[in-house]
Every structure is written in structure tokens, then in C-alpha cells.
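Numbering (our numbering), first residue to last: 13 to 334.
See the structure below:
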């Protein structure tokens, strides 16, 4: 039996170590964090992935090049989608434009319907097939498609507690929260859905020759803005159908509705999504991207509320001991 040289043995050891390193690169750890106060059910928690350094660097490079490619070729409509696009001041612009649209409709005594829709487990339920469809539709270079197909083909998870660890579970939906490539992939998949829905309603009339696209989106926050009741209902129905086709759904209880008729908030006008009535902002005020909405639709209390919130936040930071 031939003897293996020390060099051969060393090479075999190096190959084994590289293989083990590759296996470790394919695995990331994470935690499950509550999305709401007093979270108890599993659907009230959100998994956060902690990627290894190699994975972060690789996907960061891809995530920086992909939006540039999409923008240069006009595949992402930044007048509609404000999230996940470098160079677009998404959150501030999205919230401000919706607020200014409402104020203009009131001052011009125009009809306006605004529907804030909340996607249930948006990042965790986007199908991988939708992402792969978006990659093909937007003619993403084949080498990048192959890399991402390989990434999602081995997508699986397991959970560990102090007492036991589950078996590996293969996943066909969801993107890893904490992965640098996830936001732009989610935006691409959502863009396919938005393009299929945008023909259901025309631009909202704001008077003076001004208009607003019927859909405004910031990542998972989808807002419908229409001047006509029938267009609002058509858009809601169309989005419902598309989300069902994608095996996704809206959460009516977390969504909100606002109807303005001749500069007054109409509290009797109701709309439905996912076969349930959407609560109105008059009955259930809420906050979207830092902006509060209620029946008054005024800014008179916002300064005091912001100061109060800042004081509470600083006090919480002081007490946390960091």
C-alpha cells in the first residue's frame, strides 16, 4: 500500500478545512424578536438573521449593483416605489407626499380615498418563485440569476431552544431579514405585482392640473390613492387577487381607510380587503412611517407629540444601562 506523503496529507487536510469553511459560510444564525408589545403568538415574532462576514460582503456588492442596473434600465418606477432604492429619500418623501395629497384634497374640496394596506408577514411570505420571475422579467444577467437560484434552492431553517433543536425545514417563501440582498429582491418581486395592478385605476386628481399615481409603496407599506370610489374598489379587488395568486395576504385589522368628500372626512364610507372591512382612521387612528393620522387631519398637535415621544425615548435609553 503506497504511503501518503506529508504534502499530500497536508493538502487533504487543507481541502477538508476549506470544505468545512464552505459549509459554515452557508449557515447563519439569528434570533426571533417580538414585532409588537406583549407578543405571544408565533406570528407576532420576526426572525433576524446574522450573516457571516463573507456572505455580507458578497451580497453587499450584489445589492449595490442590482439597483443601479434596474434604475438605468427603467425597471423600477421610483414615483411609486420609494423603498430599497439608493439615492431615493424614501421614508420621508413617501409619508410627506401622502400627507400633502390629503391636505390638497381638503383645501381644493376634492374627493379622495386613501387606503393604507398592511401585508401579513411580508418579508417572510414572498415566494421564491416570484423573485425568480422578477429576475427573468427584468433581464438580470444570467450569472447573477444562477447565483440567486442556487442561494434560494438551499433555503432552509431550524429552531433551537434550551431543550431541543428542530429538524431542518425547507423553505419556498421568504427572504432573510438581515441579509443585505433581501430588500432589493423583495422590491423587485413587489414591482411585478404593482405593474399588474396599476391599470386598475387612473391617477388621483389633485386639481390645478396636478395628479398622483394611484399606488404609493415604501417596501411593505402599500397605499392606494384614488379620486373615484369605483376605482378604489377595483384597485383593492385587483390587489387582493394578485396577493392570493402569490400566496400572500393583507391584514385588514392593521390596514386603515380614509375618505374625503368635499373637504370633509366621510366616516360612513367603507372598503374591504381580504373579505374584511378596513377600519377607518376616524375610529382607529394610527401611525404610518412616523406620521399620525386621525379624523382631524391636522398638524396642530404633532409638535407636542414629537417632543413627548423624544422625551420618552431618551428616558428609555437612559434606563437601559447601555
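Backbone N, C-alpha and C define an ideal beta-carbon position, used for all residues, glycine too.
For residue i, the residue or residues it bridges with in DSSP
i: residue 293; result: Answer by DSSP bridge pairing: none, since residue 293 is not bridged.
i: residue 238; result: 125
i: residue 285; result: 288
i: residue 199; result: Paired residues: none, contrary to the question.
i: residue 93; result: 229
i: residue 45; result: 58
i: residue 168; result: 182
i: residue 50; result: BP columns for residue 50 are empty, so no partner.
i: residue 130; result: 233
i: residue 276; result: 273
i: residue 318; result: Answer is none; residue 318 lacks a bridge partner.
i: residue 262; result: 131
Neighbourhood of residue i by C-beta, 7 angstroms cutoff - its chain only, sequence neighbours within 5 removed
i: residue 196; result: 75, 78, 79 and 96
i: residue 56; result: 46, 47 and 48
i: residue 331; result: none
i: residue 208; result: 254
i: residue 223; result: 215, 216 and 217
i: residue 245; result: 283
i: residue 258; result: 139, 142 and 205
i: residue 192; result: 68, 71, 72 and 75
i: residue 134; result: 232
Same chain only: Cβ atoms within 8 angstroms of residue i, ignoring 5 sequence neighbours per side
i: residue 177; result: 170 and 171
i: residue 9; result: Lying before the first or after the last residue shown, residue 9 is absent from the chain, which here runs from 13 to 334.
i: residue 51; result: 57
i: residue 6; result: Because the chain here runs from 13 to 334, residue 6 falls outside it and cannot be looked at.
i: residue 278; result: 271 and 272
Where the beta strand (DSSP E) through residue i begins and ends
i: residue 272; result: 268 to 273
i: residue 300; result: 298 to 300
i: residue 303; result: 303 to 305
i: residue 223; result: 222 to 224
i: residue 219; result: 216 to 219
i: residue 77; result: Note, residue 77: premise wrong, no beta strand (DSSP E); alpha helix (DSSP H) at 65 to 84.
Where residue i falls, given that 16 or more other Cβ within 10 Å makes a residue buried
i: residue 233; result: buried
i: residue 36; result: Because residue 36 carries a pLDDT of 49, less than 50, the predicted location of this residue cannot be relied on, and the following value inherits that uncertainty. Flag for residue 36 reads exposed.
i: residue 328; result: exposed
i: residue 318; result: exposed
i: residue 316; result: exposed
i: residue 325; result: exposed
i: residue 155; result: exposed
i: residue 115; result: exposed
i: residue 149; result: exposed
i: residue 253; result: exposed
i: residue 34; result: Below a pLDDT of 50, predicted positions are generally treated as unreliable, and residue 34, at 42, falls in that range; the measurement from the model is reported next regardless. So residue 34 ends up on the exposed side.
i: residue 299; result: exposed
i: residue 151; result: exposed
i: residue 308; result: exposed
i: residue 280; result: exposed
i: residue 294; result: buried
i: residue 110; result: buried
Contact belief for residue i with residue j at Cβ below 8 angstroms, rounded distance in angstroms
i: residue 283; j: residue 248; result: 6 angstroms
i: residue 128; j: residue 268; result: 5 angstroms
i: residue 275; j: residue 121; result: 4 angstroms
i: residue 206; j: residue 229; result: 6 angstroms
i: residue 261; j: residue 88; result: Residue 261 to residue 88, Cβ: 24 angstroms. No contact.
i: residue 423; j: residue 201; result: A question about residue 423 goes unanswered here, because the residues of the chain that appear run from 13 up to 334.
i: residue 190; j: residue 42; result: 7 angstroms
i: residue 301; j: residue 117; result: The pair is not a contact, with the Cβ atoms about 19 angstroms apart (cut-off 8 angstroms).
Neighbourhood of residue i by C-beta distance below 6 angstroms, restricted to the same chain and skipping five residues each side
i: residue 188; result: 61 and 194
i: residue 337; result: Because the chain spans 13 through 334 in this model, residue 337 falls outside it and cannot be assessed.
i: residue 58; result: 45 and 47
i: residue 130; result: 263, 266 and 267
i: residue 125; result: 238, 244 and 271
i: residue 289; result: 282
i: residue 136; result: 186
Unbroken alpha helix (DSSP H) run spanning residue i, endpoints
i: residue 143; result: 140 to 149
i: residue 160; result: 154 to 165
i: residue 134; result: 134 to 137
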